[in-house]
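Just so we're aligned, residue 221 is where the sequence shown starts under the numbering used here, counting upward by one. Just so it is clear, CB atoms sit at the ideal spot from N, CA and C, and this is done for glycine as well.
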Amino acid sequence: MIEDPQVRFGAGGSFDFTPPSGFQFIFWIISLIAVAFGLSTSLFALINDDFDGITAGGIFVVPGCLLAMYLTPTKLQKEFDKIRIKEKPRDFIQRKEGGGRTGNFWTGKYSTAPTRDDRGWVFKAPGPEHWDKTDRYGPDDNGIIPEHPSVIGTPAPASFSFDGLLLCIVTLYSIPITMLSVYTGVEIAAGAQSESDFGMIGCALILGPSIGSVVYAFTMWSQGTKMQLTIDVPTSKIRSMAAGELELVGQVRRENSPAPPVQVGDDPARTYDDLHAWEWVYEIYLRRTYVEMTDKGPRTRTEYRWETITAKEGTHNFILHDGTGGVLVKPNTFKEINMGDHIRIWEVDHNRNLGEIFGSIITTTFGGWTILKHKWTLWGLALGDPCYILGTAKTRPKETNEATQRDYQQTLMQVVGESGVGFNARLERGSELGVLGKVKSQIEYKLIPGILAIGCLIGTYLAYTNY
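Laid out in structure tokens, this is it:
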């Protein structure tokens with residue numbers, strides 16, 4: 221029997237200050253030292269009415285804040301990690317034991333898998349031995365899954381977090397740092413020759429802060445709306461679900477037939493089974509060396525970039541089961557599918573043999589570039605994975621209704637990716653805990669990024685008018 225987790229999530233408190241663990245803590249401290257040094261420099265410059273000194277302090281503050289924000293986890297992430305260590309769910313064990321990088325320097329072949337899984341189960345989930353093979357839509361003997369929101373509640377973020385405080389500090393420097401970026405970009409663009417990379421760098425410095433901040437603000441606003449919907453919309457139990465718009469959390473289980481094998485890069489050596497939603501991308505790493513004329517004479521420049529060659533995706537119908545019952549899900553009807561972190565990355569150095577295989581295609585397409593390596597990346601939603609759905613339950617066509625028990629209401633329905641009033645349908649790998657692991661307050665999603673974008677736009681305007 222699967223034990224009752226005896227854990228309830230709810231309000232996240234007033235302030236979330238959660239330092240990282242392990243080696244990341246060292247870099248986190250270094251980033252905070254840079255922030256403290258930059259702030260003290262700016263404060264001293266402000267006292268002495270030195271605008272350049274304030275901007276110089278921002279050169280340390282902004283990168284330091286961004287690095288600290290990247291390294292700072294949420295309180296929920298820390299709590300989930302503690303539960304995973306205690307419960308030891310399938311995903312946790314598989315990635316801890318099978319993750320990491322393997323390969324051979326002499327062959328130039330490497331394979332990398334994540335060592336953690338933020339979208340995997342937090343509590344131990346029922347394995348195939350607990351599934352009813354004859355009545356796939358019926359309830360489990362163990363009852364509802366331990367990770368269902370009706371059992372553990374819905375976690376909410378703190379009113380404010382240390383991450384938000386760091387973003388506020390970045391916002392304070394939005395005007396001076398944007399002005400510095402624009403000044404530098406104008407000078408580079410003015411001194412560069414037309415169609416040169418330095419001209420492109422100049423344009424990026426001029427327009428980057430304003431465009432980037434506006435895109436960031438819109439992205440955060442959209443993300444905040446999604447997270448608020450996840451928190452506000454009650455999760456239905458599949459056994460008692462009704463037709464219409466709804467939120468479901470459950471486990472991916474097989475419908476009639478197993479999902480077809482997925483050959484990443486069409487290579488049988490990279491075959492994965494039981495993926496009910498998947499995507500893989502094939503990329504090549506390129507290098508180009510060229511000579512550029514400058515005021516000081518010719519100079520050799522080297523440029524590197526990744527280029528996407530092929531991308532494929534696919535889906536296969538599955539049953540979403542929450543322990544009370546199962547319902548058919550049509551993943552191909554969802555426009556938005558989030559499968560979380562990648563399953564595996566394969567990298568191969570470009571050598572003579574690969575050149576014979578790919579050379580005729582690649583050389584024609586990317587003349588003048590040297591191929592350094594090839595990379596294939598796979599994402600997927602696998603059998604047994606947790607799954608979160610915000611979609612619409614509709615009547616299932618009679619010709620496809622092969623459920624063994626007609627007295628289960630949910631067997632007469634199927635879940636599709638049709639959006640409703642005020643929400644966009646989406647399918648995500650992970651339970652509600654996985655979806656909300658990095659959730660922030662709406663202030664940090666919508667208010668602060670908007671102020672940051674306004675500051676960058678003002679800084680761009682002032683730099684142009686004062687140049």
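Taking the CB atoms as reference points, tell me whether residue i and residue j lie closer together than 8 Å.
i      : j      : result
Leu672 : Ser251 : no
Met399 : Gly637 : no
Pro193 : Leu656 : Residue 193 lies beyond the stretch modelled for the chain, which goes from 221 to 687, so this question has no answer here.
Thr335 : Gly320 : yes
Cys607 : Leu647 : yes
Arg474 : Leu603 : yes
Gly670 : Arg339 : no
Gln471 : Ile365 : yes
Lys595 : Ile565 : yes
Thr530 : Pro551 : no
Trp441 : Tyr290 : no
His368 : Thr455 : yes
Thr238 : Thr327 : no
Leu592 : His562 : no
Thr391 : Gly675 : yes
Assuming residue i and residue j make a contact with CB atoms under 8 Å, what is their CB distance in whole Å?
i      : j      : result
Ala333 : Gly323 : Not quite, the Cβ-Cβ distance comes to about 12 Å (not below 8 Å), so this is no contact.
Gly422 : Ala409 : 3 Å
Leu468 : Ala479 : Contact flag wrong, Cβ pair sits at about 20 Å.
Thr528 : Arg507 : Their Cβ separation, rounded to whole angstroms, is 17 Å, which puts Thr528 and Arg507 out of contact at 8 Å.
Ile461 : Val547 : Looking at the sequence itself, residue 461 is Met, so the reference to Ile does not match. Confirmed, Cβ separation roughly 7 Å.
Phe243 : Phe280 : About 22 Å; that fails the 8 Å criterion.
Asp236 : Ala378 : 4 Å
Lys457 : Ser370 : 6 Å
Arg459 : Gln662 : In fact, because the Cβ distance is near 33 Å, the residues do not count as touching under 8 Å.
Val635 : Val568 : Not a contact, Cβ separation roughly 39 Å.
Among residues of its own chain, excluding the 5 on either side of residue i, which ones have a beta-carbon nearer than 6 Å to its beta-carbon?
i      : result
Pro396 : Ile274, Thr275, Gly278
Ser262 : Ile274, Gly277
Thr590 : Arg507
Arg525 : Leu506
Tyr502 : Gly485, Ile529, Thr530, Trp596
Gly640 : Glu465
Pro481 : Thr491, Asp493
Have a look at the options and flag the residue whose alpha-carbon is nearest the alpha-carbon of residue i.
i      : options                        : result
Asp337 : His536, Gln314, Phe380, Lys344 : Gln314
Lys532 : Leu540, Trp498, Gly470, Val453 : Trp498
Gly284 : His594, Ile389, Val472, Asp236 : Ile389
Arg310 : Lys302, Ala345, Glu299         : Ala345
Leu610 : Leu286, Gln662, Trp341, Glu556 : Glu556
Phe229 : Glu299, Phe325, Met633, Val435 : Glu299
Thr553 : Phe538, Arg356, Ser661         : Phe538
Asp301 : Leu677, Lys658, Cys676         : Lys658
Asn558 : Ile253, Gln443, Ser433         : Gln443
Arg356 : Gly600, Asn476, Val255         : Asn476
Report buried or exposed for residue i, applying the criterion of at least 16 other Cβ atoms within 10 angstroms of its Cβ.
i      : result
Asp383 : buried
Thr624 : Per-residue confidence for Thr624 stands at a pLDDT of 49, beneath the threshold of 50, marking its modelled position as unreliable; the derived number appears in the next sentence. Thr624 comes out exposed.
Asp542 : buried
Ala288 : buried
Thr292 : buried
Phe312 : buried
Gly588 : exposed
Glu512 : exposed
Ile267 : exposed
Pro617 : exposed
Gly405 : buried
Gly575 : Residue placement at Gly575 is flagged as unreliable, the pLDDT there being 49, under the threshold of 50; a coordinate-derived value is accordingly withheld.
I'd like the list of long-range same chain contacts for residue i, defined as Cβ closer than 8 Å, with 5 residues on each side in sequence excluded.
i      : result
Val402 : Leu425, Ile426, Pro429, Gly679, Thr680, Ala683, Tyr684, Tyr687
Pro518 : Val511, Glu512
Ser414 : Bear in mind that the predicted position of Ser414 carries a pLDDT of just 49, short of 50, making it too unreliable to give a figure here.
Gln297 : Thr238, Asp338, Gly657, Lys658
Can you find the residues in the same chain that come closer than 7 Å, C-beta to C-beta, to residue i, ignoring five residues on each side of it along the sequence?
i      : result
Arg304 : Phe312, Val342
Ser580 : Low local confidence applies: a pLDDT of 45 at Ser580 is under 50, so the model's placement there is unreliable, and no value is given.
Leu259 : Gly277, Val281
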